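Chemist: Before I ask anything, here is the structure I am working with.
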Amino acid sequence: MTLDSILEKLWKTLIWAFMTFFVINVIAMIAVVVVNSFGTRWLGTWLPAAFTLRWYLSAWREFQLSDVLLVTFQIAGAVVVLSALIGVPAAYALARRNFPGKSLVMLLFLLPLLVPPITFGVPLATVLYRYGLAGTMNGVILANLVPTIPFTIILMMPFVEQIDSRVEAAARVFGASTWRLFVHVLVPLLAPGILAASLLAMVRTVSMFELTFLTAGPSSQTLVVALYYSVFAAGVRAGQSIDAMAVIYMMSTLIWLVVALRFVNPTQIVGRAKKARTT
Amino acid sequence: MADTSQSTLSLRHRLAERGIDGVTLLVLPASLFIVLLFVYPFAYGFLLSFTPASGDWLENYRRFFDDPYMYRTIWLTLRLAIPVTLLNIAISVPVAMQVRHLRRQRLLTTILVLPITLGTVLVAEGLLNYLGPQGWLNRAMILFGFIDKPIRLVHNYWGVFISLVITGFPFTFLLTLSMISGIDPVLEQAAATLGARARHRFQKIVLPLILPGLAVTFCLAFVDAFSVFPSAVMLGAPAGETRVISLAASQAAFEQYDYSYASAIAMIMAAVQLCFVGVVLALRGLFYKGPLGGGKG
């Protein structure tokens, strides 16, 4: 009995020690990038010799970051708007109606989330090249929509289910068409969900490496792909300059993530996604 | 006239009864999009893989399986993906068991979600510095006397392994946590009343209930780890022990411009994944399948 409780305490301590270890290492890893991006010379010491802002200036010029950032947010913006326009109505239909073949349609939307981007990315890029879309911004947007639309649908379904269907019935009784129902009833009520889905879709698109890498041309690279290329060409670029770019990248996703987390609980999202996947 | 309008009305009624009406049609644009940009490219790639630049229709697959440098990528990828996935699940379950009743759960989950959004490229870049011979980890371990001289953690198997744990653990943890918090606490309370200790409660109640879900989590995490790409290049030895299959596919497509061969590699990748997922899901069929909660679920 007492041995058991001692073991239980030990076990608990062990788990907490592991959690702390994991979190500390992740934070330290991020801190290294941040510190290095502000450092001058950093060789064989705990901290750089001095701190400077010049890497940010050189990253900005060398990598044409203003262009890359502009492209990144144009692509992410287009992906977010399109996936909301296409995904939200589909989520509404799936949450409210039962129709023959519904499970097949659900499978259709789950597959792009279950198959890793690199696997469908290669054939997708091939098709896009064939139609002259690869290497352009439109191609990158289309490729990024493939996982984002299903993601929006899965995320929005529980939000739709939370709305009392009597509200819609009332609107119908007063003669509202589906369009007016959407504009005047559903969109206002779904606003928090749409916002959350859009922000998470934004984060996903900004950090989506594989699909953008496979479909982007020189003028349609997003930040994450530009970052990869600059690491790949390391030796040519100063490491600190790459890290400055990484910090800018991190900030650009973190802001959206923190805003998104104000609206949704992450465990709810995956909980829901998991439920949908198993059924 | 009256007859036809009545029949279209009744057709509409009959369709509506089966759930097909104007609202149902809203699912069409999204479905069409996925068919055009997911199903079609996949089918196209499948067919393309059978039309090699030279040789008969099976030439691409023969080429892949004749070349040890190529077919070994499957083994190298599995050697990374399986241990990482098992480790992540093995850690996630006990941690989620501890964390589920925590008041500060939201803060912790937020911290854990961070690595997912950092993206593999940034994690790789951070780890290159952090784990390097002059990095903080090696310095700290030397300072505390664990090691005498820096150990090599990047540009090999372990660099990729660690980056996969960092990007994969948060994901498996969140899935496991949401499963475990979905279990009705009444079940465990009842067992506790009957004198079952924590370890037994876990073995007899929690584990059987989450096993089917864990199988799905395993599949998702495995698929994720199996497609490892940027970190294998940046943190690993892309010509040697971490030459993963996705790297082989992208090289065929973008260095040799052989889309037919690249598609064949992508299809082999998908086949290996589906085999693995199929086996896991078949095993899952042996376990209890039902609601996690009592009553209201």
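Keeping their order, the protein sequence lines are chains R and V.
The numbering of the first sequence is the numbering used here, which starts it at 1 and goes up by one.
The numbering of the second sequence is the numbering used here, which starts it at 1001 and goes up by one.
For every residue, glycine included, the Cβ atom is placed at its ideal position computed from N, Cα and C.
Everything numeric in this text was worked out from a predicted model, so none of it was measured.
Quick one: grab the DSSP three-state call for S5(R).
Modeler: Indexing the first sequence from 1 puts residue 5(R) at position 5. S5(R) falls in the helix class under three-state DSSP.
Chemist: So what does DSSP say about F1202(V), is it helix, strand or coil?
Modeler: As a working mapping, residue 1202(V) is identified with position 202 in the second sequence. Of the three classes helix, strand and coil, the one that applies to F1202(V) here is helix, per DSSP.
Chemist: Please return the same chain residues whose Cβ sits closer than 6 Å to the Cβ of F1254(V), not counting the five positions on each side in sequence.
Modeler: Start at 1 with the first residue of the second sequence, and residue 1254(V) comes out as number 254. Excluding residues within five positions, none has a Cβ falling inside 6 Å.
Chemist: Quick test of your reading: A1249(V) and S1049(V), contact by CB under 8 Å. State the CB separation rounded to the nearest angstrom.
Modeler: Counting from 1 along the second sequence, the entry for residue 1249(V) is found at position 249. Counting from 1 along the second sequence, the entry for residue 1049(V) is found at position 49. Incorrect: roughly 11 Å between the Cβ atoms, too far for contact.
Chemist: Per DSSP, which one or two residues make a beta bridge with G280(R)?
Modeler: Nothing about residue 280(R) can be read from this structure; chain R reaches only from 1 to 279.
Chemist: At the 7 Å Cβ level, is P1230(V) part of the contact set with chain R, yes or no?
Modeler: Here residue 1230(V) is taken as the residue at index 230 of the second sequence, counted from 1. Yes - at least one Cβ of chain R is within 7 Å of the one on P1230(V).
Chemist: From S1227(V) to Q1256(V), what distance separates their C-alpha atoms?
Modeler: One-based indexing of the second sequence puts residue 1227(V) at position 227. One-based indexing of the second sequence puts residue 1256(V) at position 256. So the two alpha carbons sit approximately 20 Å from each other.
Chemist: DSSP on I1147(V), reduced to helix/strand/coil?
Modeler: Here residue 1147(V) is taken as the residue at index 147 of the second sequence, counted from 1. In the structure shown, I1147(V) sits in coil (DSSP, three-state: anything other than H, G, I, E or B).
Chemist: Along chain V, in chain order, which residues have C-beta atoms closer than 8 Å to that of M157(R)?
Modeler: Counted from its first residue, the first sequence places residue 157(R) at position 157. None at all; the shortest Cβ gap to chain V is about 12 Å.
Chemist: What residues from chain V crowd round D243(R), counting only those whose CB sits closer than 9 Å?
Modeler: For the purposes of this step, residue 243(R) is taken as residue 243 along the first sequence, with counting starting at 1. By Cβ distance, chain V contributes E1125, G1126 and N1129.
Chemist: To the nearest angstrom, how far is it from the Cα of W1075(V) to the Cα of R97(R)?
Modeler: Sequence index remark: in the second sequence, residue 1075(V) carries index 75 (1-based). Sequence index remark: in the first sequence, residue 97(R) carries index 97 (1-based). If I take the Cα positions, the gap works out to 45 Å.
Chemist: With 7 Å set as the bound, which would you pick, yes or no: does the beta-carbon of R1243(V) sit closer than that to a beta-carbon of chain R?
Modeler: Within the second sequence, residue 1243(V) is the residue found at index 243, counting from 1. It does not; no Cβ of chain R falls within 7 Å.
Chemist: Cutting at 7 Å between CB atoms, please list the residues of its own chain near L1247(V), excluding the five before and the five after it.
Modeler: For the purposes of this step, residue 1247(V) is identified with residue 247 of the second sequence, where counting begins at 1. So the list reads F1229, A1232, V1233 and P1238, once near-sequence residues are dropped.
Chemist: Enumerated in chain order, which unbroken segments of the alpha helix (DSSP H) with a length of 4 residues or greater are wholly contained in the region 152-230 of chain R?
Modeler: DSSP runs (the alpha helix (DSSP H)) wholly in the region 152-230 of chain R: 165-173, 187-207 and 210-215.
Chemist: Which same chain residues end up closer than 8 Å to V1099(V) when comparing Cβ atoms and leaving out the 5 residues on each side of it in sequence?
Modeler: To locate residue 1099(V), count along the second sequence from 1; it is residue 99. Result list for V1099(V): Q1105, L1108 and L1177, in chain order.
Chemist: Quick one: measure Cβ to Cβ for A90(R) and V1027(V), integer angstroms, because I've assumed they're closer than 8 Å.
Modeler: Counting from one through the first sequence, the residue named residue 90(R) turns up at place 90. Counting from one through the second sequence, the residue named residue 1027(V) turns up at place 27. Rounded, the Cβ-Cβ distance is 5 Å, consistent with contact.
Chemist: Relative to the alpha-carbon of L1235(V), which residue among I1089(V), L1164(V) and R1079(V) has its alpha-carbon at the smallest distance?
Modeler: As a working note, residue 1235(V) is residue 235 in the second sequence. The candidate whose alpha carbon is nearest that of L1235(V) is L1164(V).
Chemist: Are the region 1062-1075 of chain V and the region 1144-1161 of chain V touching by the rule of at least three beta carbon pairs closer than 8 Å?
Modeler: With the cut-off at 8 Å, the region 1062-1075 of chain V and the region 1144-1161 of chain V do not touch.
Chemist: At a CB distance below 7 Å, what residues from the region 1009-1030 of chain V approach chain R? Give them in sequence order.
Modeler: Against chain R - using a Cβ distance shorter than 7 Å - the residues of the region 1009-1030 of chain V are R1018, G1019, I1020, G1022, V1023, T1024, L1026, V1027, P1029 and A1030.
Chemist: Would the region 109-129 of chain R count as touching the region 48-66 of chain R if we require 3 or more Cβ pairs under 8 Å?
Modeler: With the cut-off at 8 Å, the region 109-129 of chain R and the region 48-66 of chain R do not touch.
Chemist: Determine, for W1158(V), whether the minimum Cβ-Cβ distance to residues of chain R falls below 7 Å.
Modeler: Counted from its first residue, the second sequence places residue 1158(V) at position 158. No, no contact with chain R.
Chemist: Got a sec: is the Cβ-Cβ distance from A28(R) to anything in chain V below 7 Å?
Modeler: Here residue 28(R) corresponds to residue number 28 of the first sequence, with the count starting at 1. Closer than 7 Å to some Cβ of chain V, the Cβ of A28(R) qualifies, so yes.
Chemist: Could you check which residue in V68(R), V173(R) and F213(R) has the C-alpha nearest to that of P117(R)?
Modeler: Here residue 117(R) refers to the residue found at position 117 when the first sequence is read from its first residue. Nearest C-alpha to P117(R): F213(R).
Chemist: Are there 16 or more other CB atoms within 10 angstroms of the CB of G1240(V), so buried, or fewer, so exposed?
Modeler: Walking along the second sequence from the start, residue 1240(V) turns up at place 240. Under this definition G1240(V) is an exposed residue.
Chemist: Compute every distance between the C-beta of T1073(V) and the non-hydrogen atoms of the ligand SAM, then say whether any falls below 6 Å.
Modeler: The ligand SAM is not part of this structure, which contains no ligands at all.
Chemist: Counting only the same chain and skipping the five closest in sequence on each side, list residues whose C-beta sits under 8 Å from that of L128(R).
Modeler: Locating residue 128(R) in the first sequence gives position 128, where the first residue counts as 1. So the qualifying residues of the chain are A134, G139, L142, A143 and T215.
Chemist: Between T40(R) and chain V, is there a C-beta pair that is closer than 7 Å?
Modeler: The residue you call residue 40(R) lines up with position 40 of the first sequence. Chain V contact via Cβ: absent.
Chemist: Which chain R residues are close to Y1044(V), counting only those with a beta carbon under 8 Å from its beta carbon?
Modeler: Position 44 of the second sequence holds residue 1044(V). Ordered by position in chain R, the residues that pass the 8 Å Cβ test against Y1044(V) are P123, T126 and V127.
Chemist: Classify I1210(V) as buried or exposed, calling it buried when 16 or more other Cβ atoms lie within 10 Å of its own Cβ.
Modeler: Counted from its first residue, the second sequence places residue 1210(V) at position 210. Looking at its Cβ environment, which holds 16 or more other Cβ atoms inside 10 Å, I1210(V) is buried.
Chemist: Quick check on the DSSP output: the alpha helix (DSSP H) that includes N1088(V) runs from which residue to which?
Modeler: Translated into the one-based positions of the second sequence, residue 1088(V) becomes position 88. Run containing N1088(V): P1068 to V1099, per the alpha helix (DSSP H) assignment.
Chemist: Mapping the DSSP letters down to three states, classify T45(R) as helix, strand or coil.
Modeler: Here residue 45(R) refers to the residue found at position 45 when the first sequence is read from its first residue. T45(R) falls in the coil class under three-state DSSP.
Chemist: DSSP on G1213(V), reduced to helix/strand/coil?
Modeler: If you number the second sequence from 1, residue 1213(V) lands on position 213. G1213(V) falls in the helix class under three-state DSSP.
Chemist: Which residues of chain A have a Cβ atom closer than 8 Å to the Cβ of M1234(V), listed in chain order?
Modeler: In the structure shown, chain A does not exist; the protein chains are R and V.
Chemist: Measure from the alpha carbon of N25(R) to the alpha carbon of each residue in D1258(V), A1198(V), T1242(V) and I1162(V), then state which is nearest.
Modeler: What you label residue 25(R) is simply residue 25 of the first sequence in a count that begins at 1. Answer by Cα proximity: I1162(V).
Chemist: Give the list of continuous alpha helix (DSSP H) stretches no shorter than 4 residues that lie fully inside the region 1114-1192 of chain V.
Modeler: If we require 4 residues or more, the alpha helix (DSSP H) runs fully inside the region 1114-1192 of chain V come out as 1136-1143 and 1157-1180.
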